[in-house]
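First comes the structure, then the notes that go with it.
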Amino acid sequence: MKKSIFAIIAIMAITYSVNAQKMSIENVYKITLRNSDAIRQGSEVKGYYFFYVSDKVDRKNNEYTLRITDENLAILKDVKFEDSKNVTVLESSFNGTDLIFLFYNEDERTLEYKVYGADGKMKFSYVRELTKKEKTFLQMTYLSVNDDENTYKGLYPIEGLGFISNTPSRESRDFTFQIDFFSTDKKNQWTYNPTEGAKKFLGDYLGTSNSIVYLEVLKYSSIMDQKPESSLVGLSLETGKQLFEIGTDSKYRFYPSSLSTLNDGSSFLFGEFFDQDANVIKDKSKGFAFWKVDAAGKITFEKYCLWDADLGKYLNVSSKGKIDDFGYMYLHKMVQVADGSIYAIGEGYKKNASALGIASKVLSGGGISAVKIKVTDMILIKFDKSFDVKNAKIYDKNSNSVELPSGAEYMSAAALGKFIKYTYGGFDYAYTQVNKDKTSFTVCYSDYERGKDYKGGTFNSITYNNGKITTDKINTKSDASSTSVLPGKQGQVLMLDYYKRAKRLDIHFEKLN
Amino acid sequence: MKTARYLIVLIITLLFTTHSFAQLSPQYLLQKDDTLLRTKYFDETAVNEKLALSKIDKRYSGDYKKIYKEEYKKIAEFWSGSSPITDPGVNDYLQTIVQKIISSNVELKSMDVRVVFSRDWWPNAYSMGDGTIAINAGLYIFLKNEAELAFVISHELAHYYLGHTEKAIQAYVEKINSKQYQTDLKRISRQGYSVNKQLGDLMKTMIFDTRRHGRDNESDADEYALRFMKNTGYDCNAIKTTLQTLDNIDDATYFAKVPNIETELNFSGFPFKQSWISKQSSIFSSLSDEDSPESIQEKDSLKTHPDCKKRILLFEASWKDNGEKGNSFLINEKKFNDLKRQLFYEIMEYAYHEDDLSRNLYYSLMILENEPNNEYAIYSVVRCFNRLWDLQKKHQLRQAIEKEDKFFPAEYNLLLRMLDRLSLDEIVSLNVAFVSEYEEAIKDYPGFAAELDTLKKMNN
């Protein structure tokens, strides 16, 4: 405010452009925004980063600026550094005390994890060198999915202690995954990289509870194996040592997809379950299950909800889990609110015949699957504290299709769901945010409308607030050349409107009602 | 007989009705415009633009034309906009002071000036280069006497008299067309590498230079203002007191007490929630000054104005107080003081009309904190919450609420944080609770019934 006191109209050097024959600062000055994203601590947005090329240093190197802002976009720090021109920021995360960025240097074949402390200064840097095979494998998997929702990203905060990273990896002829833990209080790292007993490993990081890192691992005896072995692995957070590995067979065959922590601090695994002799990749699931597993790998609690018997009370659902007009359900997230109720947030998908796939088979014998996936509506299922279904509601949205590669028609619904999420980023679900006292949460997802009054993208929300559920919608189509949406503080989103001609990026928050 | 009794009842009813309205302060309306005067000023701007364009230096006519067109566009927008206060009740008082200064200073007599109050909240006054001078109501409400107002006017008249805007434009155009500047730019653009860094250095030098001239201009304007004030007969010590006020302007308040939203918006039916204002933990907890891109020296060089403390020292060096006591008031002390309250209301009402709702609510709550029975403030809070709900429902709230800023008062930042976090339902609940508390006091206030109807519809 003081700056403008008693001003005469100031003549700012950079405000006026001049004619083409003459040089002006703005027709020489160039910066390029490479990428940007929200910095999250769990579901809470703590800030944003904007990574841009601020100068060219020489033929091979650029000067970069990593701008870090708080959750209101107030600038906290500009980190400037010089590096190869092929550097990108892949991910970021915040664990309550420290901030981590994952940089990928294509030329040097390195993944570099840089940790910044509360004073904004770099504390540690962890470098992972990639072999040529690993680089190729990563480019086919981890680096190839660039969806807005960052569904495939795998950098997870461990409150006050460090970060867990999950990336695909390749050891000799085996395809596997690598879990890294990066400590933030001292420079310390461990790596878990299974290579024994199978030719291919797929690993999902489920979560960390009571210093145990839970992983769901699928082991394939060969690359073409269609019936992988499913197991639950527990690692010590302190050392990375494997504490247990148990098969996921109990009363039923369980296929956990995530881990959630309840309000009392205990954690449970959730996911779909199958008959004991079923193939989790091909067969149809019976319902969804909740497990609690202790530090020794012992199952201390298990609960199974059948599609028809339990969910069927509220929705028209078959014993195979198919809900009328909705299809199968992919479970994105579970949230327990302050009153103890648990909400499951899911999205529907259906197999449909693909005209393109059929034509592809007739003409060339392969390439595209004869079935395609139709992603349908959102669903909210309410459970009580004992995991009994208490209500379920479907929230309509417009469907969209995902073409699949040949062979996908033989996959089970559960496996297809994971395939759509992690390989194609095909779901509309974006993220869920929960407030601190757990009295409110907001589920966000994108949609596309083809109405009379409006045709274009929308960003939608389902908000739970002290027992009341409301929905809202924001039209994302504007006169901007492109618009993207990032999460904001709970109940808000950050809209980024890019105007190509004016080379302008307008950033603003929108509140969700 | 029947008719007579009926007439008596009617008269009594009328008497009571009149009486009940007389108890209420009228709904505040923005001062009416003097349309003729605004049109006259607008037309004069157009004439001045033609004149300025006809006199530009032919060497760099393209550059000059572009800049002058931009500048005159801003001035035309100012006169056609709703911020200037041309109502004779307000404007006549200002013009009397302006004329007093001009008639007392021979060098100003031929000047073509259009001085006006603007409804803007921020404490500022500015000369737009063609004789248009605006004094924001947000500055006026902090002035203590007519002499301080005379200093503000004199300072801006001095900028115009000394041709600072024209000189700044000329310096800028000559700089960007200079051989050295063009050679530097061409050299940098040809290099291909570290281009932005070199451009940054070049730009910094240019901005430092421009700002240094700007600071010199401020000191020159102060010096001339002293002369104009002295010749007019105003107390020149007002220069020092005004600069002292400006030095602490970020903490200045018009009323004795600032709003306390935790008590003002706390109701038994809907208690205030700490989660609306609690501070979130930040990514970085302790960033030092060295993290700032500019050094302290650079920051100092980037200022457009010298520090008020430096200006006070310069004033004291040039002002020999020989005991000649000028006047704090020459025109009308009562009018000066009455106008402060009126302009505070203008700022508040204008904020509502411009959908600057966070400001409107802040000023309404400020009045209420100091005058708990002020009906206009009560009405204004209800109306503001209704409008906030409406805009939030339509996803248009962002234009109406400012973002927290370190230069804003702490209490205002708390209100901004709260507005940023309130859900649609909470806005309605808060307004319902507020109305329950105050409804009895303003149930007959003009416009309140309509706002209450709107609120009831929102609450259904």
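Protein chains in written order, with my numbering: chain U, 1 to 513; chain S, 1001 to 1460.
Even glycine gets a Cβ: it sits at the ideal position worked out from N, Cα and C.
**Q.** U/Met224 burial status per 10 Å Cβ neighbour count (16 or more: buried)
**A.** exposed
Q) Going by the CB atoms, is the gap between S/Met1366 and S/Phe1448 shorter than 8 Å? A) no
Q. At a CB-CB cut-off below 7 Å, which residues of chain U make contact with S/Glu1346?
A. Counting only Cβ-Cβ distances below 7 Å, S/Glu1346 has no contacts in chain U at all, with the closest Cβ about 19 Å away.
Q: Taking the CB atoms as reference points, tell me whether U/Glu134 and U/Arg173 lie closer together than 8 Å.
A: With a cutoff of 8 Å on beta-carbon distance, U/Glu134 and U/Arg173 are scored as not near each other.
Q. Can the beta-carbon of S/Ala1137 be found less than 8 Å from the beta-carbon of S/Arg1119?
A. yes
Q. In three-state terms, what does DSSP make of U/Leu237?
A. U/Leu237 carries a coil assignment under DSSP once its states are collapsed to helix, strand and coil.
Q: Output, in sequence order along the chain, the residues in the region 1182 to 1195 of chain S whose CB is closer than 8 Å to any CB in chain U.
A: Answer set for the region 1182 to 1195 of chain S: Gln1182, Leu1185, Lys1186, Ile1188, Ser1189, Gly1192, Tyr1193, Ser1194, Val1195.
Q. In the region 44 to 76 of chain U, which residues sit with their C-beta less than 7 Å from some C-beta in chain S, listed in chain order?
A. Lys46, Gly47, Ser54, Asp55, Lys56, Val57, Asp58, Ile68, Asp70, Glu71, Asn72, Leu76
Q: Kindly say whether S/Gln1031, judged by its beta-carbon, lies nearer than 8 Å to any beta-carbon of chain U.
A: Closer than 8 Å: no.
Q: Can you tell me which of the three DSSP states S/Asp1209 falls into?
A: helix
Q) Which residues bound the alpha helix (DSSP H) around S/Pro1088? A) Unbroken alpha helix (DSSP H) run through S/Pro1088: 1088 to 1104.
Q: Could you tell me which chain S residues have their CB closer than 9 Å to the CB of U/Asn513, listed as they occur along the chain?
A: Gln1392, Lys1393, His1395, Ser1423, Leu1424, Asp1425
Q. What are the boundary residues of the beta strand (DSSP E) that U/Ser125 is part of?
A. 122 to 129
Q: Could you name the residues of the same chain whose beta carbon sits closer than 6 Å to that of S/Ser1086, not counting the 5 residues immediately before and after it, in chain order?
A: Note on identity: in this sequence residue 1086 of chain S is Thr, with Ser being the wrong assignment. Closer than 6 Å at Cβ, skipping near neighbours: Asp1033, Asp1034, Leu1037, Arg1038.
(Q) Would U/Ala198 and U/Tyr214 qualify as a contact pair, given that the criterion is a beta-carbon distance under 8 Å? (A) no
Q | Three-way DSSP call (helix, strand, coil) for S/Ser1189 in this model | A | helix
**Q.** Simplified DSSP state of U/Leu505, which is helix, strand or coil
**A.** strand
Q: In angstroms with no decimal places, state the Cα-to-Cα distance between U/Asp98 and U/Lys114.
A: Using only the alpha carbons, I get a separation of about 10 Å.
Q | Run of the beta strand (DSSP E) containing U/Arg34, from where it starts to where it stops | A | Its beta strand (DSSP E) spans residues 32 to 41.
(Q) Less than 8 Å between the beta carbons of S/Gly1269 and S/Ser1423, yes or no? (A) no
Q: Note down, in chain order, each residue of its chain lying with its Cβ closer than 8 Å to the Cβ of U/Lys60, except the 5 sequence neighbours on either side.
A: Ser84, Lys85, Asp107
Q: For S/Arg1311, count neighbouring Cβ atoms within 10 angstroms of its own Cβ and tell me buried if that reaches 16, exposed if not.
A: buried
(Q) Against chain S, with Cβ distances strictly below 8 Å, would U/Phe94 count as a contact? (A) yes
Q: Take U/Thr463 and list the residues in its own chain whose beta-carbon comes closer than 6 Å to its own, dropping the five residues that flank it on each side.
A: Cβ neighbours of U/Thr463 beyond the five flanking positions: Thr442, Thr470.
Q: Look up S/Cys1384 in the DSSP assignment and say whether it is helix, strand or coil.
A: helix
Q: Below 7 Å between beta carbons is the criterion; list the residues of the region 78 to 93 of chain U that meet it against any residue of chain S, in chain order.
A: Taking 7 Å as the Cβ-Cβ cut-off, the region 78 to 93 of chain U approaches chain S at Asp78, given in chain order.
Q. Going along the chain, which residues of the region 103 to 135 of chain U sit with their C-beta nearer than 7 Å to a C-beta in chain S?
A. For the region 103 to 135 of chain U, the beta-carbon criterion of a distance under 7 Å to any beta-carbon of chain S is satisfied by Ala118, Asp119, Gly120.
Q.
Rounded to whole angstroms, what is the Cα-Cα separation between U/Asp228 and U/Lys421?
A. In the sequence as presented, Asp is not what sits at residue 228 of chain U; that position holds Pro. Roughly 19 Å between the two C-alpha positions.
Q) So which residues on chain S does U/Leu99 lean against when the C-beta distance must stay under 9 Å? A) Ile1283, Phe1284
Q: Counting only the same chain and skipping the five closest in sequence on each side, list residues whose C-beta sits under 6 Å from that of U/Arg253.
A: Phe274, Gln276, Ala278
Q.
So for U/Leu73, helix, strand or coil by DSSP?
A. coil
Q | Integer Cβ distance of S/Trp1121 from S/Ile1347, believed to fall under 8 Å | A | 5 Å
Q | Under 8 Å from the C-beta of U/Ile474: neighbouring residues of chain S | A | His1395
Q | Interface positions of the region 1197 to 1231 of chain S facing chain U (Cβ-Cβ less than 8 Å), listed along the chain | A | Lys1197, Leu1199, Leu1202, Met1203, Met1206, Ile1207, Thr1210, Gly1214, Asn1217, Glu1218, Ala1221
Q) For U/Ile158 and chain S, any beta-carbon pair shorter than 8 Å? A) At a cut-off of 8 Å between beta carbons, U/Ile158 makes no contact with chain S.
Q: Closer than 8 Å by C-beta to U/Leu512: which residues in its own chain qualify, once you throw out the five before and the five after it? Chain order, please.
A: Thr442, Cys444, Ser461, Thr463, Asp472, Ile474, Gly491, Gln492, Val493
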